[in-house]
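Contents: one structure, followed by commentary.
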Amino acid sequence: MRLLLIIILLGALGAGGFMTKPNMETLRKHAEGVLADKEKSDDKIGDLIGNVLGGINHSDQFEDMVVASKFTRRSSGKVLIECYGAYSQFFCTQPDEKK
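Under the working numbering, the first residue of the sequence shown is numbered 188, with each subsequent residue one higher.
Here it is, written out as C-alpha cells:
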C-alpha cells in the first residue's frame with residue numbers, strides 16, 4: 188500500500204513538473220534580465236566597447252528535459268550564463284566566472 192502511494196505521489200510530482208516547465212522564450216527573457224542586472228552592477232566599459240566594435244556574437248542553446256528545461260548562452264566560445272527552469276522557478280549560474 189505504501190509503495191502504491193509513493194508511486195502515485197511521484198507521478199503527480201512528475202506531471203506537475205512537466206506541465207509547469209518554462210519554455211525557451213521565458214528562459215531567454217529571464218537570462219537576459221540576470222545578465223542586464225549584472226552588467227548594470229559591474230559597469231565594465233571595456234566590455235561594452237568590445238561588444239560594440241566587435242559585434243555581439245551570441246549563440247543560444249535550449250534543452251527540453253522531461254520535467255525541466257535548460258538554457259545556455261555562449262559568446263565567443265565562453266559560457267555567459269546557464270539557466271535551469273522547473274516548476275516555474277529559475278536557477279541561473281555563470282560558470283566561466285567561477286574560475
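Virtual Cβ for every residue (Gly too), placed ideally from N, Cα, C.
Between which residues of its own chain and residue i is the CB-CB distance below 7 Å, once the five residues before and five after are set aside?
i, result
"Ser275", "Thr207, Pro209"
"Ala218", "Phe258, Arg260, Ile268, Cys270, Cys279"
"Ser262", "Asn244, His245"
"Val221", "Ile268, Cys279"
Give the range of the beta strand (DSSP E) segment to which residue i is assigned.
i, result
"Ala273", "265-273"
"Gln276", "276-280"
By the DSSP assignment, the alpha helix (DSSP H) with residue i in it spans what residues?
i, result
"Ala199", "189-207"
To the nearest angstrom, how far is it from the Cα of residue i to the Cα of residue j?
i, j, result
"Pro282", "Gln248", "15 Å"
"Met211", "Arg189", "38 Å"
"Leu197", "Thr213", "26 Å"
"Ala199", "Lys216", "28 Å"
I want to know whether the stretch 189-205 touches the stretch 246-254 - three or more CB-CB distances under 8 Å.
yes
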